[in-house]
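Read the structure below first, then the notes.
Numbering (the numbering used here), first residue to last: 71 to 514.
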């Protein structure tokens, strides 16, 4: 029994010991597991941190590359913009320099690089001065310059004579330079002014500083070339001039005679103009003119029609140029003639306007008289009246006036025989000589 108890006691002790050992083992295992877990976590954390650092470095590197690329692109764009701006500035600078050189007189018939003997120093700078050596106080006086754009083939233009007359009678200290209209510089001047006639007389802006400016300003027209101010001598002042290109033939122009004729006579006219009426043979005006000028035996234009236009040698082109500011009835008359042209009676109607000028100029019933003229030609009264009342041709008339200005037309009558210019009252012999000259050229 005792042994049995002992055994039983020993067994219990052993069992307890085993349990205790198991518990201890479990605890140890748990501790080991926790430590292992912590170790793994630390290792993993360290590894993760290393990986993260590498990823961050890679990401930062990529970002830096992108930023650098963007910076490079931006710098490239900025560089392109800066280069473009510099290029534009250089081009503008060169243009200004060339313009200054041109208008300071570094002119030549071929290139800007050739210097003329005389430089037009004041053409670009109206305050340009020269020292008066006769004065002890070294005061300065303005330089007055004249640039002449000429056509050296024009035998009757007398450019040198005209320039000498200006120097002798108006501006004694005038410095004169001449260039050919066909030269590079000449084309710049004519194209900037829109002028299609030669010679062209351009005075420096400083001329308006003269004490006798009031004597000059009536014949000088202010113009601007390449942002520089000049004064253009009114082409109407010149007795002889020549076109540098043929007059444009508008679709609206009234054309009479052979359309294929080699010589064209263009007339810019005002039906109220008394000089035009004399050239057309208006009875009262022409007879009065003949008394003072007995060498005038017959009206010029009717004779020109008879000898040249009616025979098909010359084509006649009429352009409307009413001077509204001084001829209050002219525009109505021009509308009336164009209304008659609708019924193919322009020539007959315009002849009546000139021959019976006193009945419609400066009267209160101008429109009624113009309608009566249409009836004498058996024109449709209703059609003519409706046309005249509407003044439908005003736009065409304005376009023809605008066309005239580049050709130097500032007054009437002005005639062009091909490129030859005739203005004012001219006898038939003179007019005929010009036509014959052009006919001879056309046959060669």
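Every residue gets a Cβ at the ideal spot worked out from N, C-alpha and C, and that includes glycine.
All values reported here derive from a predicted model rather than from experimental measurement.
CA-to-CA distance, residue j to residue i, given in whole angstroms
i           : j           : result
residue 468 : residue 343 : 17 Å
residue 291 : residue 373 : 36 Å
residue 494 : residue 484 : 7 Å
residue 442 : residue 422 : 11 Å
residue 319 : residue 329 : 11 Å
residue 417 : residue 449 : 13 Å
residue 515 : residue 331 : Lying before the first or after the last residue shown, residue 515 is absent from the chain, which here runs from 71 to 514.
residue 240 : residue 232 : 11 Å
residue 236 : residue 215 : 12 Å
residue 363 : residue 350 : 16 Å
residue 249 : residue 308 : 18 Å
residue 274 : residue 259 : 14 Å
residue 188 : residue 296 : Because the pLDDT of residue 188 is 39, which lies under 50, any placement of that residue in the model is unreliable, and the question is left without a value.
residue 313 : residue 506 : 18 Å
residue 378 : residue 497 : 15 Å
residue 365 : residue 499 : 11 Å
Assigned secondary structure, residue i (DSSP; H/G/I helix, E/B strand, else coil)
i           : result
residue 284 : helix
residue 471 : helix
residue 385 : strand
residue 486 : strand
residue 255 : helix
residue 372 : helix
residue 215 : strand
residue 250 : strand
residue 328 : coil
residue 441 : helix
residue 173 : Here residue 173 scores only 40 on pLDDT, less than 50, and its place in the model is too uncertain to base an answer on.
residue 414 : coil
residue 298 : strand
residue 304 : coil
residue 336 : strand
residue 24  : The structure shown does not extend to residue 24, since the chain spans only 71 to 514, so no value can be given for it.
residue 352 : coil
residue 365 : coil
Residue closest to residue i, alpha-carbon to alpha-carbon, out of the options
i           : options            : result
residue 327 : 380, 243, 425, 289 : 380
residue 398 : 426, 437, 415      : 437
residue 424 : 395, 472, 354      : 354
residue 475 : 248, 443, 266      : 266
residue 345 : 365, 335, 370      : 370
residue 368 : 352, 382, 378      : 352
residue 415 : 440, 395, 447      : 447
residue 473 : 289, 321, 221, 248 : 321
residue 12  : 304, 278, 300      : Nothing can be reported for residue 12, as the shown portion of the chain is limited to 71 through 514.
residue 323 : 247, 496, 465      : 465
residue 491 : 335, 248, 257      : 335
residue 278 : 463, 263, 383, 300 : 300
residue 445 : 462, 413, 262, 340 : 413
residue 488 : 458, 348, 386, 440 : 386
residue 264 : 302, 499, 459      : 302
Exposed unless 16 or more other CB atoms sit within 10 angstroms - verdict on residue i
i           : result
residue 234 : exposed
residue 427 : buried
residue 294 : exposed
residue 511 : exposed
residue 242 : exposed
residue 395 : exposed
residue 337 : buried
residue 382 : exposed
residue 256 : buried
residue 238 : exposed
residue 503 : exposed
residue 315 : exposed
residue 325 : exposed
For the stretch 475-490 against the stretch 384-399, are there 3 or more C-beta pairs whose distance is under 8 Å?
Output reads yes: the stretch 384-399 touches the stretch 475-490.
Can at least three beta-carbon pairs, one atom from the stretch 450-465 and one from the stretch 395-407, be found at a separation below 8 Å?
Result yes; three or more Cβ-Cβ pairs closer than 8 Å.
Does the pairing of the stretch 354-371 with the stretch 429-448 give three or more beta-carbon distances under 8 Å?
With fewer than three CB-CB distances shorter than 8 Å, the stretch 354-371 does not count as touching the stretch 429-448.
Does the pairing of the stretch 254-272 with the stretch 214-227 give three or more beta-carbon distances under 8 Å?
Yes: the two stretches touch, three or more of their Cβ pairs being nearer than 8 Å.
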